[in-house]
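Colleague: Residue numbers (this note's numbering), protein chains in the order written: chain B, 1 to 254; chain L, 1001 to 1254; chain C, 2001 to 2300; chain S, 3001 to 3300.
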Amino acid sequence: MKRKESAKVLSQECLAPGIFSMWLLTGIGDEAVPGQFVSLYSRDGSRLLPRPISLCEIGEGRIRLVYRVAGAGTAEFSALRAGDSVEVLGPLGNGFPLKEAEGKRVFLIGGGIGVPPMVETAKRIPGEKILVMGYRDSQMFLKEELEQTGPFFAATEDGSFGTRGNVLDAVRENDLSADLIFACGPAPMLRAVKAYAKEQGIPAWISMEERMACGIGACLGCVCGSKEVDGHSHVKNKRICKDGPVFPAEEVEL
Amino acid sequence: MKRKESAKVLSQECLAPGIFSMWLLTGIGDEAVPGQFVSLYSRDGSRLLPRPISLCEIGEGRIRLVYRVAGAGTAEFSALRAGDSVEVLGPLGNGFPLKEAEGKRVFLIGGGIGVPPMVETAKRIPGEKILVMGYRDSQMFLKEELEQTGPFFAATEDGSFGTRGNVLDAVRENDLSADLIFACGPAPMLRAVKAYAKEQGIPAWISMEERMACGIGACLGCVCGSKEVDGHSHVKNKRICKDGPVFPAEEVEL
Amino acid sequence: MDLSVDIAGVTLKNPVMTASGTFGSGEEYSEFVDLNRLGAVVTKGVANVPWPGNPTPRIAETYGGMLNAIGLQNPGIDVFVRRDLPFLKQFDTKVVVNVCGRITEDYVEVVERLSEEPVDLLEINISCPNVKEGGIAFGQSAKAAEAITRAVKEKARQPVIMKLSPNVTDIAEMARAVEAGGADAVSLINTLTGMKIDIHRRTFALANKTGGLSGPAVRPVAVRMVYQAAQAVKIPVIGMGGIRSAEDALEFILAGAAAVSVGTANFHNPYVTLEIVDGIRAYMEQYGVQDVRELVGAVK
Amino acid sequence: MDLSVDIAGVTLKNPVMTASGTFGSGEEYSEFVDLNRLGAVVTKGVANVPWPGNPTPRIAETYGGMLNAIGLQNPGIDVFVRRDLPFLKQFDTKVVVNVCGRITEDYVEVVERLSEEPVDLLEINISCPNVKEGGIAFGQSAKAAEAITRAVKEKARQPVIMKLSPNVTDIAEMARAVEAGGADAVSLINTLTGMKIDIHRRTFALANKTGGLSGPAVRPVAVRMVYQAAQAVKIPVIGMGGIRSAEDALEFILAGAAAVSVGTANFHNPYVTLEIVDGIRAYMEQYGVQDVRELVGAVK
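What follows is the structure in structure tokens.
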């Protein structure tokens, strides 16, 4: 059941330049699955729209959000300290279909601020998984957490760690293969993942991003083109906030 | 010289229901005189106009503001704690003409949130002064500070202390008289003071209030009708923020 | 204490409605608010056929508000009647169907399709570009607004609310035009046309370049126009534009609105509609107002 | 790096001007900013005779903005020429005199009085009610706007900027009208007409009932109108409406403004004009822009 509430900040930590980790005391995540997200609200009356942020880790009665400071709203969140509170709405979206991973070898692919949701996703997949993460440079936030869950490979844009290049360069350089992909990251990465999955003939589930207003499927602000007609308007426009953010790669336009 | 700066909050105290006292660390008051005011700015982007607040006390490198919570902006100020900071512009306006008080017996008359500026005014008048303050009830904020400076008389609306009624009732009940009046308070009180001064044939200086935008005399938002043509527009509209807030009572329309 | 209001013969249990396009057909928000407690649910605009809407980005935050250029994506009247209306009819609230179109015939088709349906009121969105008149909105020409009102009224079985565009020189003239065309009520304001530019990417923030500005930023314009409209016509006025609290809603009511719609605020606070109902009741208690209708247009 | 811009043959050292009515004649703000560093100072509107303005309250805060109904209080052209112009001429900045009037003859009289004065540009405020035409503003009728432009241009010795009202259906039409009347430039937007009601006192927040809405709340409307005006005319466009940072100013410039005016933001931050000059320079450095004119209208 979705709800909006005021959540207490338990901790705030800077993981890398512009990347912050915040634990919140809230039961909003208790029934959530990885790949779902929450909306955070600014305290400043000039900023009224929510900032959607993916769930990085889900503890009992608490959630961890790892986010990039991209503007004044996220900068405000990064200045919150333990004991402060923040308005949060969630859980939102569908999340990764963990059942699909059963009995399969899974690629968990994250790029940039698409890395965080892979932490809880990796924890919830008991079977074989290979983690392939893309970063700008050797400031590899969440590497430790991810390494604890399975084999970890990294690609960095500047080549300062792992493979120089993108996540698929790391897949090829390390001769990796899998039966299924769960991916989250910037659109160019998702496009490459979609093409790779098609080429390999394996299913891929990707998590999409778009500017949102309501976050619950009412306003139709955050649609993406889809192959099939959508359930809402029957016009091939899936709602990222409600029908997604996770879609079969072949289902959505990128 | 006026300036706007970020001032550190030294203390915050609730003096009476809805009445707060805040000391700020700022040199803005160093050359100020009582009766002048500062503008405080909200941190919330939805509230852009300054809140003018009179100087209650002026210390070296610090100022004391005693203000009423009248809306969301002042409520925000009242939630500031020692160590927080707030944007402040000042010193603004003209202040009371202390020289006029030399060799005279002066009534210092304050009503409600017009009481605070009388503290510093009383401190700066070395000669004879009589303090007559009007309150709603026995929650007589700043009474202690004022009593230290001279004879103190109070009027309360509910009669719970001193004279039941207004400040002029207190003047009459206690058979008080003076050669000069400095007054600050709500318009009905100022009207009564003006009439009393005329009847007694003594000069009165009153401090006026109006909604302000710039606070420095540029926008012409806070004018009051005047007997003489004003220096700015030559239309008998004095600027409260710049030509005032303190005017000879007979000079302004109330 | 009586919070009920009357709009063209339809009694709303309280003056709080939702604003079209911000509340879907109620389903998504029913997880947050009890729709039975609302005066009315106003649906997202419905056309005669499904509309795919605009490319993304469709949304941009602005100072104290937002721009949207959804482009009236909707499933068309068939799906609406089959799926959305039955959902809404489960609740004890009034149903206002917002209707959009590209040409007059589109509107009329939708209105005719709804004639036998359990709909309480129709709200006609005339801020859509009039395809036959070079794309200027019906709601930006008094003549076109009056004509479409007349065309819709001829076929409508339910009372008709004409929703006015604020992007006009003289809102009173527009209100009088739709009254002359037979409108049973007017609602305003629709969004103000705005634009945002991303200075770092040097591009428009919205794929559509322009979008509709809403949120508390526009409220003073909306209150002014509601006041002017209420002075200009005898039919009821429904006020909206940046309402996010009972205080805001009361501003519109005092300016002359018989009811209000709450839109963008739902995105910030999904509980806001009911908080406003409670807040209006509290205000009436505080000031001893027995009937909310005493407040309508009380500031002149 | 070149920040200078050209408005009708007058070179401003940078594109940052003040907005009329928010900056007096510069004297009050000279305590906070070095006027020599501004592209131009635009004075408060001046009429042929002193105007007393409206009763108070003249000011109300709104969400992300403010309403004002000063009523163009001003000392009239005599005092202005004797006192304010000499003050401004001490500084190395361009002087733009904003002119207001009740009837065409008022405007013409002021313009004629300024013909021999050291004034660089004239800005004509046509949002004043046209007393001879039942109080509708000159700037709300294309015909009236063109006519007053022509009348002013006939007598003006300095280039003429026509300041447009945003309270119109079609801003492009208004821009074309003043261009046809001979305007050398247009500036926009003036304030949007708004209203605020005090629900506790049940009265209007402003003695004048309505006032002009300004501040960041209106920026998206202003950017949209500046874009539309810049697309519609060949003369330079000066953009304003809610600018409070260099980012905001750049939005207008990219939308087509050759220069910008900063108004309401001065009330919140008296140093803001120079911060914007510095911020535009920093943006140009960041992106390797040599000449600010490359940015004008760069987003299409």
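We put the CB at the ideal spot given by N, CA and C, even for glycine.
Can you check whether the C-beta of S:GLU3109 is within less than 8 Å of a C-beta belonging to chain L?
Modeller: Here residue 3109 of chain S refers to the residue found at position 109 of the fourth sequence. Chain L contact via Cβ: absent.
Colleague: Near C:VAL2296, what residues of its chain come up, given a Cβ to Cβ distance below 6 Å and the 5 sequence neighbours on each side ignored?
Modeller: The sequence position of residue 2296 of chain C within the third sequence is 296, counting from 1. Contacts found: ILE2253, ALA2258.
Colleague: If S:VAL3152 sits next to S:ILE3124, beta carbons under 8 Å apart, how far is it from one beta carbon to the other, in whole angstroms?
Modeller: For this step, residue 3152 of chain S is matched to residue 152 along the fourth sequence. For this step, residue 3124 of chain S is matched to residue 124 along the fourth sequence. So it is a contact: roughly 6 Å between Cβ atoms.
Colleague: Contact check, L:VAL1069 vs L:ALA1075 under 8 Å by CB: the rounded distance?
Modeller: Here residue 1069 of chain L corresponds to residue number 69 of the second sequence, with the count starting at 1. Here residue 1075 of chain L corresponds to residue number 75 of the second sequence, with the count starting at 1. The Cβ separation is near 5 Å, so the contact holds.
Colleague: May I ask you to report which of helix, strand or coil DSSP gives C:ASP2002?
Modeller: Here residue 2002 of chain C refers to the residue found at position 2 of the third sequence. Of the three classes helix, strand and coil, the one that applies to C:ASP2002 here is strand, per DSSP.
Colleague: So what's B:VAL57 in DSSP terms, helix, strand or just coil?
Modeller: Here residue 57 of chain B corresponds to residue number 57 of the first sequence, with the count starting at 1. The question names Val, but residue 57 of chain B in the sequence shown is Glu. Strand.
Colleague: Would DSSP call S:LEU3067 helix, strand or coil?
Modeller: Your numbering for residue 3067 of chain S matches position 67 in the fourth sequence. If DSSP states are grouped into helix, strand and coil, S:LEU3067 belongs with the strands.
Colleague: Would DSSP call B:ILE28 helix, strand or coil?
Modeller: Counted from its first residue, the first sequence places residue 28 of chain B at position 28. B:ILE28: helix per DSSP, three-state reduction.
Colleague: Using only CA atoms, which one of B:LEU49, B:GLY134, B:CYS222, B:SER39 lies nearest to B:LEU24?
Modeller: As a first step, residue 24 of chain B must be located in the first sequence, where it is residue number 24. Considering only alpha carbons, the answer is B:SER39.
Colleague: So C:VAL2016 and C:LEU2038 are in contact, right, with Cβ under 8 Å, and what is the actual spacing, rounded?
Modeller: Position 16 of the third sequence, counted from the first residue, corresponds to residue 2016 of chain C. Position 38 of the third sequence, counted from the first residue, corresponds to residue 2038 of chain C. That pair is a contact at about 6 Å.
Colleague: So, does the CB of S:ASN3167 fall closer than 8 Å to a CB anywhere in chain C?
Modeller: In the fourth sequence, counting from the first residue as 1, residue 3167 of chain S sits at position 167. For S:ASN3167, the answer is yes, since a Cβ of chain C falls inside 8 Å of its Cβ.
Colleague: Taking the alpha helix (DSSP H) that C:PRO2220 belongs to, which residues open and close that run?
Modeller: Here residue 2220 of chain C corresponds to residue number 220 of the third sequence, with the count starting at 1. Looking at the DSSP string, the run of the alpha helix (DSSP H) that includes C:PRO2220 is 2219 to 2232.
Colleague: In terms of alpha-carbon separation, which member of B:VAL246, B:CYS241, B:GLU253, B:GLU250 lies closest to B:LYS2?
Modeller: As a first step, residue 2 of chain B must be located in the first sequence, where it is residue number 2. Closest option to B:LYS2, Cα to Cα, is B:CYS241.
Colleague: Excluding the five sequence neighbours on either side, which residues of its own chain have a C-beta within less than 6 Å of the C-beta of C:ILE2189, listed in chain order?
Modeller: Taking the first residue of the third sequence as position 1, residue 2189 of chain C is located at position 189. Around C:ILE2189: PRO2166, ALA2222, MET2225, GLY2241.
Colleague: Looking at C-beta atoms only, is the number of pairs between the stretch 2276 to 2296 of chain C and the stretch 1172 to 1182 of chain L that lie closer than 8 Å three or more?
Modeller: With the cut-off at 8 Å, the stretch 2276 to 2296 of chain C and the stretch 1172 to 1182 of chain L do not touch.
Colleague: Considering only the beta carbon of each residue, do S:ALA3207 and S:PRO3057 sit closer than 8 Å?
Modeller: What you label residue 3207 of chain S is simply residue 207 of the fourth sequence in a count that begins at 1. What you label residue 3057 of chain S is simply residue 57 of the fourth sequence in a count that begins at 1. Yes.
Colleague: What separation, rounded to the nearest whole angstrom, lies between the Cα atoms of B:ASP230 and B:GLU251?
Modeller: As a first step, residue 230 of chain B must be located in the first sequence, where it is residue number 230. As a first step, residue 251 of chain B must be located in the first sequence, where it is residue number 251. Cα-Cα distance, rounded: 11 Å.
Colleague: Could you tell me which chain C residues have their CB closer than 7 Å to the CB of B:ASN237, listed as they occur along the chain?
Modeller: Translated into the one-based positions of the first sequence, residue 237 of chain B becomes position 237. Near B:ASN237 (Cβ distances below 7 Å), the residues of chain C are PRO2052, GLY2053, GLN2073.
Colleague: Does the stretch 158 to 178 of chain B come into contact with the stretch 1219 to 1239 of chain L, if we say contact requires no fewer than three beta-carbon pairs (one atom in each stretch) closer than 8 Å?
Modeller: Segments in contact, no.
Colleague: Using a Cβ-Cβ distance cut-off of 8 Å, determine whether C:GLY2065 contacts chain B.
Modeller: In the third sequence, counting from the first residue as 1, residue 2065 of chain C sits at position 65. Yes, C:GLY2065 counts as interfacial toward chain B.
Colleague: Would you mind giving the Cβ-Cβ distance between B:ALA101 and B:VAL132, rounded to the nearest angstrom? I have them listed as a contact below 8 Å.
Modeller: Counting from one through the first sequence, the residue named residue 101 of chain B turns up at place 101. Counting from one through the first sequence, the residue named residue 132 of chain B turns up at place 132. No, B:ALA101 and B:VAL132 are not in contact; Cβ-Cβ is about 15 Å, not under 8 Å.
Colleague: Chain B partners of C:VAL2079, CB-CB under 7 Å?
Modeller: As a position in the third sequence, residue 2079 of chain C is number 79, starting the count at 1. Within chain B, the residues near C:VAL2079 are HIS234.
Colleague: Among the candidates S:GLU3031, S:VAL3110, S:LEU3067, whose CA atom is the shortest distance from the CA of S:PRO3075?
Modeller: As a first step, residue 3075 of chain S is located in the fourth sequence; it is residue number 75 there, counting from the start. The shortest Cα separation from S:PRO3075 among S:GLU3031, S:VAL3110, S:LEU3067 belongs to S:VAL3110.
Colleague: What do you reckon, are the CB atoms on B:LEU98 and B:ARG124 nearer than 8 Å?
Modeller: Here the question's residue 98 of chain B lines up with position 98 in the first sequence. Here the question's residue 124 of chain B lines up with position 124 in the first sequence. Yes; because the gap between Cβ atoms is below 8 Å, this pair is in contact.
Colleague: If I measure Cβ to Cβ from L:ILE1202 and keep anything under 8 Å in the same chain, skipping five residues before and after, which residues do I get?
Modeller: The count along the second sequence starts at 1 and reaches residue 1202 of chain L at position 202. Hits under 8 Å: ALA1178, ASP1179, LEU1180, ILE1181.
Colleague: Considering only C-alpha positions, which residue in the set L:ALA1249, L:ARG1081, L:GLY1127 is nearest to L:THR1149?
Modeller: Sequence index remark: in the second sequence, residue 1149 of chain L carries index 149 (1-based). That would be L:GLY1127, whose Cα lies nearest to the Cα of L:THR1149.
Colleague: For S:HIS3268, which residues in chain L fall below 7 Å Cβ to Cβ?
Modeller: Taking the first residue of the fourth sequence as 1, we reach residue 3268 of chain S at position 268. Correct list: TYR1041, LEU1048.
Colleague: Use the C-beta contact count for L:ARG1064: other C-beta atoms within 10 angstroms, 16 or more gives buried, fewer gives exposed.
Modeller: Taking the second sequence and counting its residues from 1, the one referred to as residue 1064 of chain L is at position 64. Under this definition L:ARG1064 is a buried residue.
Colleague: Under DSSP, the alpha helix (DSSP H) around B:PRO188 begins and ends at which residues?
Modeller: As a first step, residue 188 of chain B is located in the first sequence; it is residue number 188 there, counting from the start. Note, B:PRO188: alpha helix (DSSP H), 187 to 200.
Colleague: Compare the C-beta of L:ASP1084 against all C-beta atoms of chain B and say whether one is closer than 8 Å.
Modeller: As a working mapping, residue 1084 of chain L is identified with position 84 in the second sequence. No - not a single Cβ of chain B is within 8 Å of the one on L:ASP1084.
Colleague: Taking L:MET1140 as the reference, give the member of L:ASN1094, L:ASP1158, L:LYS1129 with the closest Cα.
Modeller: The residue labelled residue 1140 of chain L in the question sits at position 140 within the second sequence. Per the Cα distances, L:ASP1158.
Colleague: Roughly how many whole angstroms lie between the Cα atoms of S:GLY3256 and S:ARG3219?
Modeller: In the fourth sequence, the residue the question calls residue 3256 of chain S occupies position 256. In the fourth sequence, the residue the question calls residue 3219 of chain S occupies position 219. Looking at the two C-alpha atoms, the distance is approximately 14 Å.
Colleague: Roughly how many angstroms separate the alpha carbons of C:VAL2005 and C:ASP2184, rounded to a whole number?
Modeller: By 1-based counting over the third sequence, the position of residue 2005 of chain C is 5. By 1-based counting over the third sequence, the position of residue 2184 of chain C is 184. Their backbone Cα atoms lie some 15 Å apart in a straight line.
Colleague: Note down, in chain order, every chain C residue with its Cβ under 7 Å from the Cβ of B:GLU251.
Modeller: Residue mapping note: residue 251 of chain B aligns to position 251 of the first sequence, counting from 1. The contacting residues do not exist; B:GLU251 stays about 16 Å from chain C at best.
Colleague: Please identify, using Cβ separations under 7 Å, the residues of the stretch 1136 to 1169 of chain L that lie next to chain S, in order along the chain.
Modeller: From the stretch 1136 to 1169 of chain L, no residue has a Cβ closer than 7 Å to chain S.
Colleague: Can you tell me the Cβ-Cβ gap for S:GLY2981 and S:LEU3067, rounded? I've got them flagged as a contact below 8 Å.
Modeller: No statement about residue 2981 of chain S is possible, as the shown extent of chain S runs from 3001 to 3300 and does not include it.
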